[in-house]
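Right, one structure below, let's go through it.
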């Protein structure tokens with residue numbers, strides 16, 4: 003029987019996939035997150051999701067499926083990564099202040115072959131437009147001291163304190179968190195995975 007593995011160390015992705023009702027194991031894969039020269043934001047995020055998924059192949063059984071995902075924030079032609087330090091964070095918040103940006107979350111679902119290679123693979127990418135209000139320096143520094151920005155793409159977590167900065171969102175809220183629920187479920191169903199609640203007897 004095929005099994006599902008989530009190739010992600012993100013607690014948020016694990017919570018979202020659990021909320022969908024799927025049984026899965028989760029592992030963390032080590033991938034170098036560095037854009038190639040001239041690589042667009044969409045190409046970069048899709049490549050990272052694919053590489054995370056494929057990096058877990060050796061640890062799974064033939065016939066199993068691995069779900070990899072990555073999220074990044076793009077502002078105009080700039081990719082906003084996770085903050086390196088408070089100065090980098092402040093710069094990103096100043097860039098986002100009073101403007102709209104795009105959150106790209108890519109999915110890569112990979113089937114493990116008998117030779118422990120890629121037997122099949124499907125990808126999706128969901129883009130959400132997010133607008134921030136104009137931020138004061140005091141708001142930016144207060145947000146940094148909450149501890150939320152560390153380790154977050156673009157330096158913020160929409161499901162936390164930063165939701166108060168959002169004036170408009172067009173797209174997938176769960177995609178901004180890190181795993182677009184609708185697209186993830188459709189992808190899993192397309193290869194035969196059903197949520198646990200569909201396996202129980204009707205009342």
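Numbering (the working numbering), first residue to last: 3 to 205. Ideal Cβ positions, reconstructed from N, Cα and C, are used throughout, including at glycine.
Non-local C-beta neighbours of residue 52 in its own chain, meaning closer than 6 Å and more than five positions away in sequence, comprise 110, ordered along the chain. DSSP links residue 72 through a beta bridge to 108.
With a beta-carbon spacing of about 6 Å, residue 7 and residue 66 fall inside the 8 Å limit used to define contacts. In the three-state reduction of the DSSP assignment, residue 179 falls in the helix class, which pools H, G and I.
In the three-state reduction of the DSSP assignment, residue 56 falls in the helix class, which pools H, G and I. Under DSSP, the beta-bridge partners assigned to residue 171 are 132. For residue 22, the enclosing alpha helix (DSSP H) starts and ends at 13-22. Proximity to residue 40 across 79, 31, 117, 18 peaks at 79, based on C-alpha coordinates. Nearest in C-alpha terms to residue 100, of all of 9, 91, 137, 120, is 137. Secondary structure at residue 120: strand, using DSSP grouped into helix, strand and coil. Within the same chain, Cβ atoms closer than 7 Å to the Cβ of residue 91 are found at 85, 146, 151, 157, the five residues on either side in sequence being excluded. The alpha-carbon separation between residue 193 and residue 102 amounts to approximately 35 Å.
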